[in-house]
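Residue numbers (the working numbering), protein chains in the order written: chain U, 23 to 279; chain D, 144 to 456. Backbone N, C-alpha and C fix where the C-beta goes; we use that ideal spot for every residue, glycine too. Only a predicted model underlies this, so the values are computations on that prediction, with no experimental measurement involved.
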């Protein structure tokens, strides 16, 4: 791999590792996950299931918030503070810069997910040492989902000039992505051909984030479809490449402010 | 004749604010050549188009018309030979000076970073050796400007582009940056810098270009503009009436300065005649010296060239 991509990636990782807002976000996420332990303590039956259910939701939510924060501020802040000027004036292509940033942010997201997952495993182990099968796959899928959100946030942060607008658009795509199974149901039940076509296009264009959701299955101790691992990986790769290519196309043409 | 380091060729930039906004021409048909080995001052008021031209040169913005060449080639091919300090630079403030320089060095591909200068040498050059381990967020404005110049030198570039390097600095800071620019020029580097502080430009530059509302108004050698080779002289005296002053032969210009008068003569012969006339009329001579304009007077007094000037004139 190009050494400049790695240089940007490690600098991004180092930047977040020293960022106080990011530290606060991680602490908040861990407290949020920790809170599920007390919440589950209120129940008498099926404590482990409820603990996992709440824990997964907390972890997933924290992961998405983290991906939004990292994805939107990483390049956005450099554009706003103009630190990007001294970087792009060096013999480094904009695509390499973008890939370096995505790689660095991905490392941040992966490390954060690992920390959060270990915390949740520790909490669940306090209730029941018998951890459900596929727990790690579930954590892995949640990480992939965050990485897709990161790619979408990267795309919007280079496409629109306002961070707030980029955040709104990314959250919009995330909500559509999370509602993909509902859209699919409406398509199946709808009588109007035009609505059907429109929703079908919607469903096909936006990433279906349900492909990374085995949280309920794992929490209830059921087996997940194993072929899902392959297809979800391919699905992630395809969407990450798509959004990063689009980001690169837009970023190459962008006049820096 | 020196090789041309930078060539702006009919370079123009039109901005459009918003989707329905009216287009605004920030730079129009800039034709300018910057020869190798010179300190070149790029002048103009705020909003004249200097930063726009530099951003296009550095590939941060695209020109709407025309092109820019570095050593006769596409700038992308020669980026490894260029160092750049943007206007009012912001840096990753959580890095120490040493980490910051290391990061900027790592942005050069392996095959192009052979010429790199060591961090110690760089910090020594900009007078920041004592602040090697200090975080950038603890730096003063002058120190930030100097570390910014250091990052522009990591690859020992042949061409250094500085956008308003003296802006916001106190007199000591400005002096330090001036000395640094002079040291770099002594090493044979080409320095292209924008400024609106005319005294700095006057003391540093060999050549200048002046932009006005996006249009090149003037380009030429500083010595020529300031008439440094001129034979004109200034005589300062008092004790003579207006009528008697008018009788002084070969007088170019006279100006009242409180009780005293200042006369401008065209040549030494005229000076000699003027001094004799002052003495004969019982005037008191206060001083005689060669005439030097400052850049501010020269630029305001110039009949500005409107188009297509080149620094090689």
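Taking a Cβ-Cβ cut-off of 8 Å, the neighbours of residue 203 (chain D) in chain U comprise 107, 110, 111, 277 and 278, given in sequence order.
Residue 331 (chain D) and residue 180 (chain D) do touch by the CB rule: their CB atoms are close to 6 Å apart, below 8 Å.
Per DSSP, the unbroken beta strand (DSSP E) holding residue 154 (chain D) starts and ends at 147–159.
Annotation: residue 365 (chain D) to residue 440 (chain D) spans about 13 Å, alpha carbon to alpha carbon. Around the beta-carbon of residue 348 (chain D), 16 or more other beta-carbon atoms lie within 10 Å, marking it buried.
The C-alpha of residue 113 (chain U) is placed about 53 Å away from the C-alpha of residue 60 (chain U). Partner residues in the beta bridge of residue 335 (chain D), as assigned by DSSP, are D:183 and D:304. Annotation: residue 188 (chain D) is outside any beta strand (DSSP E) and is labelled neither H nor E by DSSP.
Per DSSP, the unbroken beta strand (DSSP E) holding residue 360 (chain D) starts and ends at 358–364.
If you check the CB distance, residue 120 (chain U) and residue 278 (chain U) do not come in under 9 Å. Boundaries for residue 206 (chain D): no alpha helix (DSSP H) harbours it, and the DSSP string shows neither H nor E there. In this structure residue 165 (chain U) touches residue 132 (chain U) by the C-beta definition: roughly 6 Å separates them, less than 8 Å.
Boundaries of the beta strand (DSSP E) around residue 178 (chain D): 166–178.
Assignment of alpha helix (DSSP H) within the region 185–245 of chain U, counting only whole runs of 4 or more residues, yields 185–200, 202–211, 215–227 and 237–241 in chain order. Rounded to whole angstroms, the gap between the alpha carbons of residue 66 (chain U) and residue 101 (chain U) is 52 Å.
Counting other Cβ atoms within 10 Å of its Cβ, residue 196 (chain U) reaches 16 or more and is therefore classed as buried.
Per DSSP, the beta bridge partners of residue 399 (chain D) are D:404.
Using a Cβ-Cβ cut-off of 9 Å, residue 208 (chain U) does not count as an interface residue toward chain D, since no Cβ of chain D sits closer than that to its own. Per the coordinates, the alpha-carbon of residue 141 (chain U) lies some 7 Å from the alpha-carbon of residue 52 (chain U). Your pair residue 313 (chain D) and residue 291 (chain D) does not check out as a contact, with CB atoms roughly 16 Å apart and the cut at 8 Å. Contact between residue 41 (chain U) and residue 241 (chain U) is ruled out by a C-beta separation of about 33 Å, above the 8 Å threshold. Pairing residue 362 (chain D) with residue 380 (chain D) gives a Cβ-Cβ distance that is not under 9 Å.
By the CB criterion at 9 Å, residue 299 (chain D) and residue 260 (chain D) fall inside the cutoff. Residues 85, 86, 88, 89, 131 and 135 of the same chain have their beta carbon placed closer than 7 Å to that of residue 168 (chain U), with the five preceding and five following residues left out of the count. In this chain, the beta strand (DSSP E) harbouring residue 227 (chain D) covers 225–228.
Assigned with DSSP and collapsed to three states, residue 239 (chain D) falls in strand.
Taken through DSSP and simplified to helix, strand or coil, residue 174 (chain U) comes out as helix. In this structure, DSSP gives residue 353 (chain D) an extended state, which the three-state scheme calls strand.
Ranked by Cα distance from residue 400 (chain D), the first of D:385, D:413 and D:414 is D:385.
Cα atoms of residue 209 (chain U) and residue 200 (chain U): separation of roughly 16 Å, rounded to the nearest angstrom. The alpha-carbon separation between residue 428 (chain D) and residue 105 (chain U) amounts to approximately 58 Å. By alpha-carbon distance to residue 129 (chain U), the top candidate from U:231, U:32 and U:230 is U:32. Using a Cβ-Cβ distance cut-off of 8 Å, the region 199–215 of chain D and the region 232–241 of chain D are not in contact, since fewer than three pairs of beta carbons, one from each stretch, lie closer than that value.
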